[in-house]
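Read top to bottom, the protein sequences are chains A and B.
Following our numbering, the residues of the first sequence are numbered contiguously, the last one being 205.
Following our numbering, the residues of the second sequence are numbered contiguously, the last one being 205.
Glycine included, every Cβ here is placed at the ideal spot set by N, Cα and C.
Every value quoted in this text rests on a predicted model; they were computed, and no experiment measured them.
Data block below; observations after.
There are 2 protein chains.
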Amino acid sequence: MTTDTEQPRLTRAARRVLDTASELFYHQGINSVGVDRIAAEAGVTKKTIYDRFGSKDNLVMAYLRARDVRWRVVVERHIDAAPDPRGAVLAVFDSLTEWRATEGDRGCAMINARAEISGPDHPAHALAADQKRWLMGRFAELIESAGLLEVGSETEVKAEVKAEIQDTALELLLLHEGAVVMSDVGQFGNAVAIARKAAGRLLSP
Amino acid sequence: MTTDTEQPRLTRAARRVLDTASELFYHQGINSVGVDRIAAEAGVTKKTIYDRFGSKDNLVMAYLRARDVRWRVVVERHIDAAPDPRGAVLAVFDSLTEWRATEGDRGCAMINARAEISGPDHPAHALAADQKRWLMGRFAELIESAGLLEVGSETEVKAEVKAEIQDTALELLLLHEGAVVMSDVGQFGNAVAIARKAAGRLLSP
DNA sequence: ACGGTAGTAGACCGACCTGTTTACTTTTGG
DNA sequence: CCAAAAGTAAACAGGTCGGTCTACTACCGT
């Protein structure tokens with residue numbers, strides 16, 4: 001269920017705690033799940049939790065970080081399996097389909113965490129920003145390596161090309177995030193497929 | 001700050017409670033704000049809150065419903081001011097810019113509420129679904145009235161045209177929701193503008 | 001002028017929250 | 001083999017939560 005090499009050393013009990021907490025935090029909400037319940041469902045005493053993680057906040061961060069790592073691995077796997085950069089962009093949306101089937105039917109854990117955590121200084125906010133900027137950066141790399149936009153004269157300023165790439169990458173990110181959130185709110189079960197289709201159209205104007 | 005004709009009768013104290021709760025719920029999160037704090041900041045006793053709203057849950061729903069109504073009014077105003085259906089679709093994104101400037105720098109209140117409320121039977125979930133389906137429906141109406149897609153032979157089945165309209169409407173919704181959420185998470189301050197641009201491109205393929 | 005409605009003030013309740021502590025047992029690595 | 005690390009068990013602390021209740025007062029329409 002979880003990758004076993006994501007963090008060097010975690011006691012078996014700590015592993016159970018993290019797995020249980022991940023399940024509960026994601027599906028019930030962070031604030032709705034107390035450490036007592038985590039301890040009970042993980043078959044562990046509270047002391048163990050506090051010995052290993054120090055605080056609930058740390059446990060929350062461990063949950064978010066581990067999930068982020070797991071997700072990026074899935075995305076990269078799909079990108080690597082794609083035949084060409086354009087296909088790789090579309091493959092990101094396929095990775096979302098897979099991800100949702102296995103680990104996500106309640107939207108993005110980062111966005112949800114943001115909603116529950118008031119303080120903007122909380123590290124969860126930075127982590128969320130990191131994740132989204134990473135995906136947009138990945139999109140931008142793929143677009144660039146596709147050699148998209150060999151437009152105009154050769155004297156065309158490179159800065160403009162770069163800007164165009166960034167814009168398109170952001171468009172793809174918006175479609176992706178829109179699909180993540182909308183797959184669960186209405187009856188938009190086809191959101192990911194539609195997002196993929198739109199992405200394809202935006203790539204070849 | 002708030003529309004005054006949205007609900008027939010609300011005592012002045014109840015009005016203050018709702019306004020204060022809306023501010024706090026949206027910016028701090030629903031679970032992070034207790035009724036004691038709402039009472040204190042609204043200059044009201046807890047008894048008044050419970051006399052008027054019955055429970056915190058009811059107050060939360062009143063907050064979400066009022067905000068939803070307020071938002072739809074803004075969207076409709078922008079749609080009405082647009083010269084043509086195509087412009088109206090783009091105007092929805094302009095309405096988002098205005099909305100964000102006045103009432104929203106922490107994402108979508110519905111989505112955030114969903115993240116905080118575990119039970120899928122909670123009426124907030126239905127309300128969120130309603131809001132999103134409404135916007136998609138609005139998009140679909142605009143696309144249809146634009147006479148988009150007078151493609152192919154006149155014997156083309158109408159069902160297919162309808163399906164295409166629904167797909168495009170969903171694409172626009174995804175861009176919209178993506179822009180709402182991403183405007184606040186990274187440094188994607190241009191998310192709405194980019195979404196608008198992409199929407200325009202998706203409308204004229 | 002009066003009666004109902006809306007409001008204040010503030011104590012109170014039980015449940016639940018994160019986090020700590022003490023005392024004892026199990027596991028594990030050099 | 002044995003000491004350190006990891007874990008169990010369970011009580012405890014201090015706070016906050018949503019929600020109730022009593023007693024008294026201000027307002028407002030008829």
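(message) Please report the straight-line C-alpha distance between B/V180 and A/R86, rounded to a whole angstrom.
(response) 26 Å
(request) Under the assumption that A/L18 contacts A/A62 (Cβ atoms under 8 Å), give the Cβ distance between them as a whole number of angstroms. (result) 6 Å
(message) Strictly under 7 Å for the Cβ-Cβ distance: is B/M1 near chain A by that measure?
(response) Low confidence applies to B/M1: its pLDDT is 42, below 50, so where it sits in the model is not reliable, and the reading given next is rough at best. By this cut-off, B/M1 is not an interface position.
(request) Look at B/K46 and B/V35 and say whether their C-beta atoms are less than 7 Å apart. (result) yes
(request) Closer than 7 Å by beta-carbon distance: list the chain B residues that pair up with A/G186, in chain order. (result) A129, K132 and R133
(message) Could you give the first and the last residue of the continuous alpha helix (DSSP H) run that contains B/Q187?
(response) That residue, B/Q187, is in no alpha helix (DSSP H); it is neither H nor E in DSSP.
(request) List the residues of chain B whose Cβ lies closer than 8 Å to the Cβ of A/D68, in chain order. (result) In chain order: nothing, as chain B lies at least about 13 Å away.
(request) Note down, in chain order, each residue of its chain lying with its Cβ closer than 8 Å to the Cβ of A/D184, except the 5 sequence neighbours on either side. (result) D105, R106 and G107
(request) Taking all protein chains shown into account, decide if B/H27 is buried (16 or more other Cβ within 10 angstroms of its Cβ) or exposed. (result) exposed
(request) Check whether the Cβ atoms of B/H78 and B/A66 lie closer than 7 Å to each other. (result) no
(request) Please list, in chain order, all residues of the same chain as A/A13 whose beta carbon is under 6 Å from its beta carbon, the five residues on each side excluded. (result) V44 and T48
(message) Is it buried or exposed, B/A145, if we count other Cβ atoms within 10 angstroms and call 16 or more buried?
(response) The question names Ala, but residue 145 of chain B is Ser in the sequence shown. Answer is exposed; the Cβ neighbour count stays below 16.
(message) Below 7 Å on C-beta distance, what does A/E116 contact in chain B?
(response) G29, N31, A115 and E116
(request) Could you give the DSSP three-state label for B/H27: helix, strand or coil? (result) helix
(request) Less than 8 Å between the CB atoms is what I'm expecting for B/A140 and B/L175, so what's the real figure, rounded? (result) Actually they are not in contact, since the Cβ atoms of B/A140 and B/L175 sit about 15 Å apart, beyond 8 Å.
(request) Report the rounded CA-to-CA distance for B/G54 versus A/D84, giving the unit in angstroms. (result) 59 Å
(request) Kindly indicate if chain A contains any beta-carbon less than 7 Å away from that of B/E144. (result) no
(message) For A/D94, which residues in the same chain have their Cβ closer than 8 Å to its Cβ, ignoring the five residues on either side in sequence?
(response) H78 and R196
(message) For A/T20, which residues in the same chain have their Cβ closer than 6 Å to its Cβ, ignoring the five residues on either side in sequence?
(response) I38, E41 and A42
(message) For A/E103, would you say it is in contact with chain B, using Cβ-to-Cβ distances shorter than 7 Å as the test?
(response) no
(message) I want to verify the contact list: residues of chain A whose CB lies under 9 Å from the CB of B/A191, in sequence order.
(response) L170, L173 and L174
(request) Mind listing the chain B neighbours of A/G137? Cutoff is C-beta to C-beta under 9 Å, in chain order. (result) In chain order: nothing, as chain B lies at least about 11 Å away.
(request) Just confirm the distance between the C-beta atoms of B/G210 and A/R133, as a whole number of angstroms; I'd bet it's less than 8 Å. (result) Residue 210 of chain B is absent from the structure shown; chain B starts at 1 and stops at 205.
(request) Under 7 Å between beta-carbons, which chain A residues line up against B/A179? List them in chain order, please. (result) L174
(request) Quick one: measure Cβ to Cβ for A/A115 and A/A128, integer angstroms, because I've assumed they're closer than 8 Å. (result) The pair is not a contact, with the Cβ atoms about 10 Å apart (cut-off 8 Å).
(message) Is there a C-beta anywhere in chain B that falls below 7 Å from the one on A/M182?
(response) yes
(request) Within the same chain, show all residues whose beta-carbon is closer than 7 Å to that of B/H11, passing over the 5 residues directly before and after it, in chain order. (result) Sequence check: residue 11 of chain B is Thr here, not His. Correct list, in chain order: R52.
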